Amino acid sequence: MEKSRAVTSWNSHYQRSEIARPWCGLLAQTSLNQSMTAYTPTFLIESNKNANVVIKDVSTVLCSIRLNECEGSSIAVLESKGSKGYIYVNGRVIK
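Quick note: the sequence shown uses my numbering, first residue 468, plus one each step.
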């Protein structure tokens, strides 16, 4: 099991930048991190300092979460993009 990583940075300027209300919530699994909400149409988790969430020691782009509109409904799409680091969804590793 991989050791939990602490979020290095949570770019607060993204919190309310494009969408009036949050469309996605990320729940912290450990006390090292805080739960977060997504307000931008694309939410990036990566090692780049310009990401919504910055985590050291992961791929340049670990994953993105996108808001897609389809036939009047909204869905969240998680795309795993990196080879370094793990993504957990409801306790399961996503590759």
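Cβ atoms here follow ideal geometry from the backbone N, Cα and C, with glycine treated the same way. Predicted model only: the values in this text are computed from it and were never measured.
- Query: Roughly how many angstroms separate the alpha carbons of Thr527 and Ile554, rounded to a whole number?
  - Reply: 14 Å
- Going by DSSP, what residues sit across from Ser541 in a beta bridge? Partner(s): Glu536.
- Item | Beta-bridge pairing of Ser547 - partner residues as DSSP gives them | Bridge partners of Ser547 according to DSSP: Cys530.
- Message: In whole angstroms, give me the CA-to-CA distance for Ser514 and Ile532.
- Response: Looking at the backbone, the Cα of Ser514 and that of Ile532 are separated by about 15 Å.
- Task: If I'm right that Glu552 touches Val525 with Cβ under 8 Å, what's the distance once you round it to whole angstroms?
- Result: Residue identity check: residue 552 is Gly in the sequence provided, not Glu. About 3 Å; that satisfies the 8 Å criterion.
- CA-to-CA distance, Leu499 to Cys537, given in whole angstroms: 36 Å
- Is the Cβ of Tyr553 closer than 7 Å to any Cβ of chain C? Looking for chain C here will not work: only one protein chain is present.
- Is the distance from the Cβ of Ile512 to the Cβ of Cys530 below 7 Å? yes
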